[in-house]
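**Student:**
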Amino acid sequence: MWLAFYNPGGVGDVLLLTSGPVSSHEIDPDSKGQVTALRHHQSQAIVGYNLFEVADLNLAGEGPVTLTSEQVAQVNARIQAAGFDQAVSFDASPRLVVGYVEECVDHPDSDHLHITQTRVAADTVLQIVCGAANIEAGQKVLVAQPGAVMPDGLIIWPGQLRGVDSNGMICSTRELGLDAIENKPGIWVLKDDLAVGTPLEQVIAHYQG
Numbered sequence: 161m162w163l164a165f166y167n168p169g170g171v172g173d174v175l176l177l178t179s180g181p182v183s184s185h186e187i188d189p190d191s192k193g194q195v196t197a198l199r200h201h202q203s204q205a206i207v208g209y210n211l212f213e214v215a216d217l218n219l220a221g222e223g224p225v226t227l228t229s230e231q232v233a234q235v236n237a238r239i240q241a242a243g244f245d246q247a248v249s250f251d252a253s254p255r256l257v258v259g260y261v262e263e264c265v266d267h268p269d270s271d272h273l274h275i276t277q278t279r280v281a282a283d284t285v286l287q288i289v290c291g292a293a294n295i296e297a298g299q300k301v302l303v304a305q306p307g308a309v310m311p312d313g314l315i316i317w318p319g320q321l322r323g324v325d326s327n328g329m330i331c332s333t334r335e336l337g338l339d340a341i342e343n344k345p346g347i348w349v350l351k352d353d354l355a356v357g358t359p360l361e362q363v364i365a366h367y368q369g
């Protein structure tokens with residue numbers, strides 16, 4: 161899963177591409193012309209790219225950006241022309257969506273964490289570890305799936321909490337910057353009439369309508 165970021169005011173005319181959570185001290189940069197590949201120090205696998213002088217791509221917005229299919233093709237052409245063979249691809253589906261908590265059990269190695277099985281699509285159930293006191297089975301919730309970028313810039317990646325796999329985050333309104341809609345402790349428990357998989361933008365419209 162690749163994500164794209166562009167912030168010309170902050171870092172200059174550079175398109176930043178990342179495919180996973182790797183700290184800077186684990187990275188070996190490999191520069192060829194206007195493309196720098198970011199390699200994992202141990203495996204030497206490419207986990208990111210920096211593409212310089214990309215104004216001609218006409219990228220829309222700042223921060224996390226969604227690339228069109230034409231822009232993806234242009235990016236991959238530049239990567240290949242620079243001599244790198246690792247192409248990038250993107251999943252344009254919404255990453256912040258309504259989920260349904262099908263199961264919620266206590267974490268065996270924690271006095272406050274819970275292990276949930278949360279459906280985010282007809283064919284997708286994510287195991288998500290959640291520490292909110294108000295989480296329980298049968299709730300509609302707002303899920304940040306892997307690849308989601310939160311308002312504070314945090315990227316959600318698959319990980320582990322106390323040795324248990326967790327593939328996303330169940331969100332509070334505060335984490336989403338939506339305190340004006342609801343300001344209560346714990347995760348945001350949504351209205352039951354919202355369908356699983358509904359994108360956050362439609363959820364906001366539903367509450368503000």
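For the sequence shown, position 198 matches number 358 in the numbering used here, and the numbering has no gaps at all.
The beta carbon of each residue, even a glycine, is placed where N, CA and C say it ideally should be.
If you're wondering where the values come from, they're calculated on a predicted model, not measured in any experiment.
1. Decide if Ile341 is buried, meaning its Cβ has at least 16 other Cβ atoms within 10 Å, or exposed.
2. DSSP three-state call for Ser229: helix, strand or coil?
3. Are at least three pairs of beta-carbons, each pair with one atom in the stretch 293-304 and one in the stretch 250-260, less than 8 Å apart?
4. Is DSSP giving Leu354 helix, strand or coil here?
5. Between Glu157 and the rest of its own chain, which residues show a CB-CB distance below 6 Å, the 5 nearest in sequence each way excluded?
6. Would Trp317 pass as a contact of Pro224 if the rule is Cβ separation under 7 Å?
7. Could you tell me if Ile364 is buried or exposed, where buried requires 16 or more neighbouring beta carbons within 10 angstroms of its beta carbon?
8. For a minimum of 3 consecutive residues, which ranges assigned as the beta strand (DSSP E) are wholly contained in the stretch 271-313?
9. Please state whether DSSP places Ser184 in a helix, a strand or coil.
**Tutor:** Here's the rundown:
1. Exposed is the call here.
2. When secondary structure is reduced to three states using DSSP, Ser229 falls in the helix class.
3. They touch, by the three-pair rule.
4. When DSSP states are grouped into helix, strand and coil, Leu354 belongs to the coil group.
5. In this structure the chain extends from 161 to 369, so residue 157 is not present and cannot be described.
6. No. Outside cutoff.
7. With fewer than 16 other Cβ atoms inside 10 Å of its own Cβ, Ile364 counts as exposed.
8. If we require 3 residues or more, the beta strand (DSSP E) runs fully inside the stretch 271-313 come out as 274-281, 284-290, 300-304.
9. Ser184 carries a helical assignment under DSSP once its states are collapsed to helix, strand and coil.
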